[in-house]
Amino acid sequence: MSLLGEAPSARVREHDAGSAGLRDVRLCQVPTCRAFARRRIEIELPAVWEGSATFTVLTVEVGACDEHGPDLERRAGAVVEARADLCNLLTIVEGAVRIETDLRAQIDLLAARRG
Ligand SMILES: [Zn+2]
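Heads up, the final residue of the sequence shown is numbered 150 in the working numbering, and it's a clean run with no missing numbers.
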């Protein structure tokens with residue numbers, strides 16, 4: 036049994052870089068922020084979202100201001116943690132499904148003996 040389906044659809048917004056122009060890399064890369072980027076934030080993006088215990092990431096770096104930098108770091112860390120937890124969560128869910136299946140089989144067996 037596989038509990039792996041399609042990844043939930045991400046909210047993706049496409050930007051037409053040609054008409055809007057590229058954002059000045061000296062600025063914080065949060066689009067609504069006009070502050071200068073004072074720190075470089077590494078964002079690790081998992082290559083795949085499946086049950087494997089190990090995974091590779093694509094790392095991108097973005098500039099951020101002092102206000103948005105810590106939030107970006109926290110959110111980027113949460114993505115990697117969620118990906119790392121995925122294997123354990125799938126194992127737990129699959130174990131629960133297996134137990135439920137065994138219990139249903141035992142109930143059916145007892146019902147058949149009584150019937
Ligand atoms: Zn900012």
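Beta carbons are placed, not taken as given, at the ideal position from N, Cα and C, and that holds for glycine. Predicted, not measured: the structure shown is a model, and the values here were computed from it.
- In this structure, A70 places its C-beta atom within 8 Å of the C-beta atom of E102.
- For R148, the enclosing alpha helix (DSSP H) covers residues H103 to R149.
- In chain order, the residues with a C-beta atom nearer than 6 Å to some heavy atom of ligand 1 are C63, V65, C68, A70, A99, C100, E102 and H103.
- Check the Cα spacing between V92 and each of R139, G112, L107 and A99: the tightest is with G112.
- Membership of A99 in the beta strand (DSSP E) is indicated by the continuous run V92 to A99.
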